[in-house]
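Once you know that position 138 of the sequence shown is 138 in the numbering used here, the rest is easy, because the numbers rise by one and skip nothing. Don't be surprised by glycine CBs; every beta carbon is placed ideally from N, CA and C. Since the model is a prediction, treat every value here as computed from it, not as a measurement. Written below as structure tokens is the structure these notes are about.
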Amino acid sequence: METVIPTSSHMKARFQTVILPCNPSSIVFPPSVSQPTITDPSTSSALQTASEHIRSSHLVVFPTETVYGLAANALSSNATADIFRTKGRPQDNPLIVHISSLEMLKLVVDETFVIPKTYEVLMNRFWPGPLTLLFPVKTAGDGEEKGGGGGVPKEVTAGHSTVAVRMPSHPVARALIAISGLPLAAPSANTSGRPSPTKAEHVYHDLNGRVGYILDGGPCDVGVESTVVDGLGVGKRVEEEEEECVIRVLRPGGVTVEEMQAVLGKGIKVLVHRRDYRDEQLENQPTTPGMKYRHYSPTCPVYLVMSGRQSTHTHSTEQISLDVFLRDVSEELTAESVGGEKESLRIGLLSLTGSRLTRALSEQRRPQVQTSTGSIHLDWVHLPLGSTYNGDNDQGEEEEDLSEPARRLFDGLISLDRAKVDAIVVEGVAEEREGLAFMNRVRKAAGKICSVALPD
Ligand code: TXA
Ligand code: MG
């Protein structure tokens, strides 16, 4: 099912949006102290202004190590309801709660819950960082606001019995939470359905007039959202004898499956939704995997191109030649254009530096394509995703680093969309390590996935 994505023009401007620059390296969290030390006066003053705004139930955009978030007091139903209005987000899609210390968990997690060993291991290794864990929620009493004793309003969990929690590592995010003294509910700071913002300017362009403050902490390091994990089944008896020893990745993200598997050891299996297991109930809900609603989509069509190594084992679709691919794309795009008489198309290309796809397309700088209705020129706007080559390992095999493409993906989609290209072609990467999150987002953004045969 597809929903209409609200555009800025559907939303009334309510604020004069102010961007407050922050210097992350001026913020230090001394060990075992909950409040940060901030050496830069303007960063300190920006954080004070933003936390007062949060404490008066308004929204603030903050940088995290993954993507920018649209934050509100997680204990207030009014403030969190405003997040849904501002993003045009369906109300049945729950929010992640961000904390700055383990002490804060007590405000949002059911007090009878004993933190299991698996969670302890994951939290020790990956918090603060891009890992979100599900916990049994501590629900707020009726009408409770800013709840001294805590408790999460149903707006945040969309009525689920679990709450998703993470402790971000970005100093500006942690400082905003610590200074406000409140857990912050925050989805990605974009109009619902669009790619997540990884720079303050992405947010400004999208949400200008709809939020009071954007804290600008520079570009996000990870570039894709956190990994969402449900480990609540571990240790539960499934049948008489059997115990469940798996954790489930509902959304792949900044912490990779390989990293989690390495710290958990062989005794616990890490299963990835849709790759290793299906969950009909989950797939009919709008939760993590983004099944029900459109996700990560720019305004123009996106084509995912699988070639070479990745296409052979992840795809059953028939391979086509590059010429056929370009003809099909041109025909589809001209058929969609008003009047259908375009002489040229501008196509955005997000591809790996030096890859066969990049080389094949750069050899034909302005290819002329014959379609059934005439001939058309393709003008490429290339934004490199960076290189995945990371030297050779001890056995002389090439090592791949997929963190660079993950970091650049959303910035690439947003920048090309703003450059008003007619379509974006994204090169697929191997679905492992950071590549799993990359491909998860591109598959959802792409209207079409094509397997293309390329010359060596
Ligand atoms: O990196 C991130 O996770 C960013 C930054 C801002 O922290 N946040 C983010 O939030 O990506 P959002 O709302 O765009 O995505 C949160 C995902 C949603 O797909 C939601 O369905 C899922 O987490 N989620 C939240 N609470 C859940 C719950 N109780 N059970 C299952 N899924 C949940
Ligand atoms: Mg999002």
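- Using a cutoff of 7 Å, the CB of Glu225 counts as near the ligand TXA, since one of the ligand's heavy atoms is closer than that.
- Relative to the non-hydrogen atoms of the ligand MG, the Cβ of Ser362 never comes closer than 7 Å to any of them.
- Apart from the 5 residues on each side of it in sequence, Gly209 sits with its Cβ closer than 7 Å to the Cβ of Ala13, Arg14, Phe15 and Thr17 in its chain, given in chain order.
- Taking a 10 Å sphere around the C-beta of Arg433, we find 16 or more other C-beta atoms and assign the residue as buried.
- Within its own chain, the residues whose Cβ lies closer than 7 Å to the Cβ of Ser161, once the five positions on either side in sequence are excluded, are Pro136 and Val137, listed in chain order.
- From the listed residues Leu416, Asp279 and Arg327, the smallest Cα separation to Ser375 is found for Arg327.
- Taking a cut-off of 8 Å on C-beta distances, the segment 194–214 does not touch the segment 389–397, as fewer than three cross pairs fall below it.
- Looking from the CA of Ala200, the closest CA among Glu331, Glu111, Ala262 and Thr66 belongs to Thr66.
- By the criterion of a C-beta distance shorter than 7 Å, Val257 is surrounded in its chain by Val249, Val270, Val272 and Leu436, once the five residues flanking it on both sides are discounted.
- Within the same chain, and ignoring the five residues on either side of Met260 in sequence, the residues whose Cβ sits closer than 6 Å to its Cβ are Val270.
- DSSP, reduced to helix, strand and coil, places Val28 within a strand of the structure shown.
- Looking at the DSSP output, Glu243 bridges to Arg237.
- Rounded to the nearest angstrom, the Cβ distance from Leu20 to Asp216 is 7 Å, consistent with a contact under 8 Å.
- Straight through space, the alpha carbons of Phe29 and Ser100 are spaced by roughly 10 Å.
- The Cβ atoms of Val381 and Ala406 do not sit closer than 8 Å to each other.
- Ser387 is positioned such that its CB atom lies closer than 8 Å to that of Thr353.
- Rounded to the nearest angstrom, the gap between the Cα atoms of Val109 and Gly151 is 8 Å.
- For Pro187, the shortest separation between its Cβ and any heavy atom of the ligand MG lies below 7 Å.
- Selection Gly391, Thr373 and Val302 evaluated against Ile347 yields Val302 as nearest (Cα-Cα).
- Between Leu350 and the set Glu427, Ser403, Val329 and Ser372, the nearest pair of CA atoms involves Glu427.
- DSSP places Asp206 within a helical segment (H, G or I) once states are collapsed to three.
- The residue from Ser307, Arg174 and Phe410 with its alpha-carbon nearest to that of Leu357 is Ser307.
- A contact between stretches requires three or more CB pairs, one per stretch, nearer than 8 Å, and the segment 66–84 fails this requirement with the segment 232–240.
- Between Val165 and Leu105, the beta carbon gap of about 7 Å places them in contact (Cβ cut-off 8 Å).
- Here Val114 is exposed. Its C-beta has fewer than 16 other C-beta atoms within 10 Å.
- With contacts defined by Cβ atoms closer than 8 Å, Pro183 and Val97 form a contacting pair.
- Of the candidates Gly218, Ile268 and Val224, the residue whose Cα lies closest to the Cα of Lys236 is Ile268.
- Ala186 sits away from Val203, with the two beta carbons spaced by 8 Å or more.
- In the same chain as Thr43, and ignoring 5 residues on each side of it, the C-beta atoms closer than 7 Å to its own belong to Cys22, Asn23, Ser26 and Ile27, in chain order.
- In the structure shown, Met439 adopts helical secondary structure according to DSSP, grouped into three states.
- Gln319 has its alpha-carbon roughly 15 Å from the corresponding atom of Val329.
- In the structure shown, Leu385 falls within a coil segment according to DSSP collapsed to helix, strand and coil.
- Not one heavy atom of the ligand TXA falls within 7 Å of the beta-carbon of Arg125.
- The continuous beta strand (DSSP E) containing Arg166 extends over residues Thr162 to Arg166.
- DSSP links Lys269 through a beta bridge to Val246.
- DSSP lists Ser451 as the beta-bridge partner residues of Met306.
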